[in-house]
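Inspection log for the structure reproduced underneath, given as structure tokens.
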Amino acid sequence: MKDADPREDLVAQARTGCRFCGGPLHDVVDLGMSPLCESFLAEEQLDRMEPFYPLKVRVCGDCFLMQLGQYVAPADIFGEYAYFSSYSDTYLEHARSYVEAMIARLGLNGASRVVELASNDGYLLRHFVARGIPALGIEPAANVARAALAQGVPTRVAFFGAELGGQLEPADLVIANNVLAQVPDLNDFVAGMRRLLKPHGVATVEFPHLLTLIAGNQYDTIYHEHFSYFSLGTARRIFAAHGLAVFDVEAIWTHGGSLRLYLAADGRPVQPCVAETVAKEAEAGLDRLAGFAHFAEQVRQARWNLLDFLIRAKWYGKSIAAYGAPGKGNTLLNYCGIRGDILDYAVDRNPYKHGKYTPGTHIPIHPPERLSQTRPDYVLVLPWNLRHEIMDAHAYIRDWGGRFVVPIPDVAVFP
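Residue numbering for the sequence shown follows our numbering, starting at 1 and increasing by one per position.
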């Protein structure tokens with residue numbers, strides 16, 4: 001008898017109900033077939049078969065969690081990862097200011113304990129370590145964890161869940177920045193957070209805000225590594241189911257517009273901004289299916305507009321390069337069908353990506369110095385959330401009349 005293929009189980013899971021509450025799922029937008037967005041290719045891999053998976057977004061009719069099906073096991077995505085947080089100066093400053101704010105707000109000191117889930121290359125925890133505050137990172141990608149260890153940040157290579165949360169020494173502060181979306185088993189992960197937190201401890205969670213994603217047409221932030229997309233209203237329900245209450249919330253700039261949630265289990269007062277944010281989401285329709293109905297059409301329109309601009313530019317003999325090879329950029333390139341006949345190449349600060357090719361579209365990736373060597377007419381900024389940092393750092397392209405192009409929420413050209 002033939003052994004069962006575990007991939008068939010994942011596909012079956014992708015067709016079942018909501019990953020949080022089990023409710024019925026309704027279609028939102030179909031971005032076609034796409035490869036894993038961080039699976040960059042070496043040159044010798046270009047002629048081999050490349051796996052593509054459905055990138056179809058649905059929303060739960062009961063709790064309104066927007067989500068993808070799970071087609072790939074997390075170990076296949078995050079076992080080795082190409083994203084390193086330390087290659088954005090503005091994001092590094094965001095991490096430093098967060099640490100200073102948490103030390104002041106929570107009174108953290110050498111007797112405290114901080115644990116970060118999905119701690120990446122230690123970009124954030126290193127600031128706690130420098131202040132003499134005991135810290136531990138949990139990071140599933142071994143290659144990224146090695147970079148954290150090299151900076152003196154204690155890091156454990158593991159996937160986090162309820163079992164591990166109960167094994168670790170309890171923490172005064174649990175940090176989960178930009179990881180909740182990457183968790184297929186939400187209930188197991190949040191249960192682990194509750195077990196890890198001291199009785200009077202605080203957890204902070206950051207994630208891209210669904211309200212901003214839809215209003216800002218940020219379809220490129222949808223990819224297989226992001227299983228779920230959260231409103232505050234839905235996130236609050238998920239945490240409450242595991243004994244954690246959202247008592248404060250902040251709107252922050254990261255990833256095109258995110259929320260930072262403050263969670264506790266000790267019944268502390270809830271700030272008015274929590275109810276105010278949920279009310280804004282309800283006004284936008286995120287607590288009913290009608291609020292998601294228009295998203296597919298605005299995504300299609302954005303694709304047509306971008307392709308129209310790029311094709312016209314090529315028709316008139318203009319050269320085009322891309323700045324950055326982020327996950328979001330690979331969603332955009334694959335959904336729009338932008339390949340080497342339109343983009344000459346991409347550049348990226350991360351040396352891990354140099355000499356490799358973008359998944360699916362096979363665009364070569366070079367160091368940023370390539371821009372000054374080839375002098376493209378247009379530079380398509382794929383990490384558009386960092387556009388100000390990128391345009392300031394590479395303002396020299398204006399010396400030869402080059403222009404920056406930002407594709408989200410719609411095409412904008414900066415002279």
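Quick reminder that beta carbons are idealized off the backbone N, C-alpha and C, glycines included.
Around the Cβ of residue i, are there at least 16 other Cβ atoms within 10 angstroms (buried) or fewer (exposed)?
i, result
"ARG236", "buried"
"TRP384", "buried"
"MET49", "exposed"
"ILE311", "exposed"
"PHE414", "exposed"
"CYS273", "exposed"
"LEU46", "exposed"
"SER85", "Only weak support is given to the placement of SER85: the predicted model assigns it a pLDDT of 48, under 50, and the question is left unresolved by the model."
"GLY201", "buried"
"TYR316", "exposed"
"ARG146", "exposed"
"SER228", "buried"
"PRO269", "exposed"
"PRO407", "buried"
"PRO420", "In the structure as shown, the chain starts at 1 and stops at 415, and residue 420 therefore has no counterpart that could be examined."
"GLU38", "buried"
"HIS127", "buried"
"TYR223", "buried"
"ASN177", "buried"
"HIS294", "exposed"
"ASN305", "exposed"
"GLY401", "exposed"
"PHE404", "buried"
"TYR81", "Confidence at TYR81 is low in this model, with a pLDDT of 48, below 50, so the placement of that residue should be treated as unreliable; the coordinate-derived value is given next. Classification of TYR81: buried, given that the 10 Å Cβ count is 16 or more."
"GLN218", "buried"
"PRO35", "buried"
"TYR83", "Confidence at TYR83 is low in this model, with a pLDDT of 47, below 50, so its placement is unreliable and no value can be given for it."
"TYR396", "exposed"
"PRO184", "buried"
"GLN67", "buried"
"GLY337", "exposed"
So residue i and residue j are in contact, right, with Cβ under 8 Å, and what is the actual spacing, rounded?
i, j, result
"PRO210", "PHE230", "Looking at the sequence provided, one finds Leu at residue 210 rather than Pro. So it is a contact: roughly 6 Å between Cβ atoms."
"PRO24", "GLY61", "5 Å"
"ALA162", "ASP188", "5 Å"
"LEU106", "LEU173", "6 Å"
"VAL153", "LEU125", "5 Å"
"TYR335", "VAL381", "Not really, about 17 Å apart at Cβ, beyond 8 Å."
"VAL114", "ALA135", "4 Å"
"ASP30", "GLU389", "Not confirmed; about 33 Å, so no contact."
"ALA264", "PHE247", "6 Å"
"SER119", "ILE133", "Actually they are not in contact, since the Cβ atoms of SER119 and ILE133 sit about 14 Å apart, beyond 8 Å."
"PHE207", "LEU259", "6 Å"
Among the options, whose alpha-carbon lies nearest the alpha-carbon of residue i?
i, options, result
"ILE214", "LEU263, VAL179 and GLY257", "GLY257"
"ARG19", "GLY32, ALA322, ALA181 and PRO199", "ALA181"
"ASP348", "LEU332, GLY110, ASN334 and ARG370", "ARG370"
"ALA130", "GLY110, GLU116 and ARG288", "GLY110"
"MET102", "TRP253, THR204 and VAL379", "THR204"
"TYR71", "ILE342, THR16 and VAL114", "THR16"
"TYR345", "TYR357, GLY337 and CYS336", "TYR357"
"ARG339", "LYS314, ASN350, GLY355 and LYS353", "LYS314"
"ALA296", "GLY137, ASP266, ARG58 and GLN373", "ARG58"
"PRO364", "SER372, LYS353 and LEU55", "LYS353"
"HIS26", "PHE64, PRO359 and ASP220", "PHE64"
"VAL28", "LEU41, VAL299 and LEU36", "VAL299"
"THR374", "PRO326, HIS362 and SER319", "SER319"
"LEU164", "MET193, PRO184, LEU186 and ILE175", "MET193"
"GLU169", "TYR123, ARG195 and MET391", "ARG195"
"ALA422", "MET391, LEU55 and TYR123", "Nothing can be reported for residue 422, as the shown portion of the chain is limited to 1 through 415."
I need the boundaries of the beta strand (DSSP E) containing residue i, first residue and last residue.
i, result
"HIS26", "25-34"
"GLN67", "66-68"
"ALA215", "Counting along the chain, ALA215 falls outside any beta strand (DSSP E), though it belongs to the alpha helix (DSSP H) covering 210-215."
"VAL411", "Careful: VAL411 lies outside any beta strand (DSSP E) and carries neither H nor E."
"TYR53", "53-60"
"LEU380", "378-381"
"VAL114", "114-117"
How far does the alpha helix (DSSP H) with residue i in it reach, from first residue to last?
i, result
"ALA147", "142-150"
"MET102", "89-106"
"PHE189", "186-196"
"LEU164", "162-167"
"ASP172", "Where ASP172 is concerned, there is no enclosing alpha helix (DSSP H), although the beta strand (DSSP E) it sits in stretches over 171-177."
"VAL274", "272-283"
"PHE128", "125-130"
"ILE390", "387-393"
"ALA135", "It is not in any alpha helix (DSSP H) - ALA135 instead sits in the beta strand (DSSP E) that spans 135-138."
"LEU371", "370-374"
Could you tell me which uninterrupted beta strand (DSSP E) segments, each at least 3 residues in length, are contained entirely in the segment 239-266, listed from first to last along the chain?
Counting only runs that start and end inside the segment 239-266, the beta strand (DSSP E) elements of at least 3 residues fall at 245-252 and 258-264.
Taking the runs of the alpha helix (DSSP H) that are 4 residues or longer, which of them lie wholly in the segment 291-363?
List check, alpha helix (DSSP H) in window: 295-315 and 327-336.
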